[in-house]
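Number of protein chains: 2
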Amino acid sequence: MAEAPLFKRLALIGIGLIGSSVARVALQRGDIAGEIVANARTQASLDRVMELGIAHRVELDPAEAVKGADCVMLCAPVGAYAALAEAIAPHLAPGAIVTDVGSTKQSVIRDVGPLIPEGVHFVPGHPMAGTEFSGPDAGFATLFDGRWCLLTPPAGTDPEAVERIAELWRRCGSMIEVMEPAHHDRVVAIVSHLPHLIAFTICGTADDLADESRQQVLKFAAAGFRDFTRIAASDPVMWRDVFLNNREALLEMLARFTEDAQAMARAVRWGDAGYIEDKIVRSRGIRKSLIELKQA
Amino acid sequence: MAEAPLFKRLALIGIGLIGSSVARVALQRGDIAGEIVANARTQASLDRVMELGIAHRVELDPAEAVKGADCVMLCAPVGAYAALAEAIAPHLAPGAIVTDVGSTKQSVIRDVGPLIPEGVHFVPGHPMAGTEFSGPDAGFATLFDGRWCLLTPPAGTDPEAVERIAELWRRCGSMIEVMEPAHHDRVVAIVSHLPHLIAFTICGTADDLADESRQQVLKFAAAGFRDFTRIAASDPVMWRDVFLNNREALLEMLARFTEDAQAMARAVRWGDAGYIEDKIVRSRGIRKSLIELKQA
């Protein structure tokens, strides 16, 4: 690697699926960070990180982890951000960039923004990539390849800091889009958060059936239910935090969806074949648009 | 093939994804039927069937198609069954078995049962296999491999006729379960029909967003939404008929699901972190059970 790395020291605060994938691609490429420091909530996770050989150094104390880092990336569940920001704020190096990978962006700006010291940059980000697995073993270097990374810098953020975070994600293989935080939260509410809420819910609905039916549901889980349960296997703490931190947009999208589902139920009840068929034809159209946009 | 085939002549009434897959596996194996006759609503479909070489003979008139057949399999959308049964009933050969592949079973017994002549057997069936594609080109010989086929013979059906249809599906690669029709309809309402209703609905909800958001939804469709739209690409007429013919069970499962989704919404609104986390942990458990049952 002839080029100097983008950052001298990258501190990853949290080293689960996303953090450990960033660590892996950064180690593999060499041009993202000269040194990778990993922080986690438990020593067991950090021991595993060293076994996996995906960081140069591990620190159980987030304040120690960020010292001397020119890039600090929060990779913990978004509900932990406020406490983490409080812990690291006094130890951030002047000129450092704080970024994150959380799925909600208004909450991150609300919780972390006010704690960022003068002279430190703050560039919230959201790599739209993931699997239903979690923990440092679940990551892999190609996770971000060809996937979008959305950046939502608050007004007045140094454009050079934004560009450096954009370049970090480009080197991870991502495509970049800069977006207004409130708009981000609405878009992800429907493309990601609501589908997860539905998946978690329908699993519970099935589980509540009388015992015989429940066994049959598991036995005969057809397409449909199987697809739903794949995303339902996702990390509980991460998703709990996402729901609580994108409350308004998620509740609005769920309300819209529920109205639409009730309209479909009414058409089923009263035998309105034309309405049902129209809705199905229309949803096929959305699928077609997705394929044309090469997202499916 | 030393063995005589299970049936001398198999008439497939409808030759879409399921019918054409049965035709393909029957032709490939040779021990399911000596002759395969295909019927479809349009001459264009039948021309395509002959081009594909997946039937020995095609007939545009269902009455002609069933003449001399010792097995007649209805493979059309379930809403077309009543008219088809009326058309074929006077032409069914004595001792023939009429079966079907519809996703709803009480409606099939209601619509077809009374029209079956004395001396003809009726064994309703439901192969739990499919893709989001439709038409004679979409079928393939391995579609039923390792998948369940549910049989719901009405009380008093000749056990030998049930066994012959079970053997047909075993030769297609399926595992067999005999089930009470009402119980079948409840189980598939939650494992298949409700997930499809949800998928069709959420696509519409997304499509109704203001134009800018809608473009973003398509652009940033993450996991979750993408999985939902895959099943939303399924055949509109088939699914319209399924919804209308499993009305009671589908509306009951949707009502249960909606209550559960509202409870989750309430927990999100009031910040009940414990409730949300419990639900997600529980849905992970369902996923784990599925994996243990090798259905995922």
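Line by line, the protein sequences are chains G and X. Quick note, in this note's numbering, the first sequence goes up one by one and the last residue is 302. Quick note, in this note's numbering, the second sequence goes up one by one and the last residue is 302. A virtual CB, placed ideally from N, CA and C, is assigned to each residue, including glycine. A quick note: this is a predicted structure, and the numbers were derived from the prediction, not measured.
Here N45 (chain X) is bridged, per DSSP, to X:I19, X:E65. The criterion of a C-beta distance shorter than 8 Å is satisfied by R170 (chain G) and I103 (chain G).
With a threshold of 8 Å between beta carbons, K14 (chain G) makes no contact with chain X. By the neighbour-count criterion, in which a residue is buried when 16 or more other Cβ atoms sit within 10 angstroms of its Cβ, A91 (chain G) is buried. The beta-carbon of G59 (chain X) is placed no less than 8 Å from the nearest beta-carbon of chain G. In the structure shown, I38 (chain X) adopts coil according to DSSP, grouped into three states. Under DSSP, the beta-bridge partners assigned to P133 (chain X) are X:C155.
Here the alpha carbon of V193 (chain G) sits roughly 39 Å from the alpha carbon of T148 (chain X). In terms of beta-carbon proximity, L296 (chain G) lines the interface with chain X, with at least one pair separated by less than 8 Å. Taking the C-beta atoms as reference points, V287 (chain G) is found no nearer than 8 Å to V84 (chain G).
Collapsing the DSSP output to three states places V184 (chain G) in a strand. The beta-bridge partner set that DSSP reports for C77 (chain G) consists of G:L16, G:I103.
Straight across, the Cα-Cα distance linking S140 (chain X) with M185 (chain G) is about 39 Å. Residues of chain X with a Cβ closer than 7 Å to the Cβ of H202 (chain G) are, in chain order, G230.
Under the DSSP assignment, F249 (chain G) falls in the alpha helix (DSSP H) whose first and last residues are 242-251. Distance between G179 (chain X) and G136 (chain G), taken at the CA atoms: about 35 Å.
Of all residues in the segment 275-292 of chain X, only R275, G277, A279, I282, E283, K285, I286, V287, R288, S289, R290, G291, I292 come within less than 8 Å of chain G when Cβ atoms are compared, listed by chain position. Assignment of F128 (chain G) by DSSP, reduced to helix, strand and coil, places it in the strand class.
Nearest Cα to L33 (chain X) within the set X:A50, X:S51, X:L12: X:L12. Put simply, the segment 65-75 of chain G touches the segment 9-25 of chain G. At least three CB pairs are less than 8 Å apart. DSSP places D278 (chain X) outside both helix and strand once states are collapsed to three, so it counts as coil. R116 (chain X) and Y87 (chain X) have their alpha carbons spaced roughly 10 Å apart. For A91 (chain G), the enclosing alpha helix (DSSP H) starts and ends at 87-94. Here DSSP, grouped into helix, strand and coil, assigns F226 (chain G) to helix. DSSP, reduced to helix, strand and coil, places S109 (chain X) outside both helices and strands of the structure shown, so it counts as coil. For L23 (chain X), the closest Cβ of chain G is not nearer than 8 Å. When DSSP states are grouped into helix, strand and coil, L215 (chain X) belongs to the coil group.
A check of alpha carbon separations from K294 (chain X) across G:W154, G:L98, G:K225, G:L174 identifies G:K225 as the nearest.
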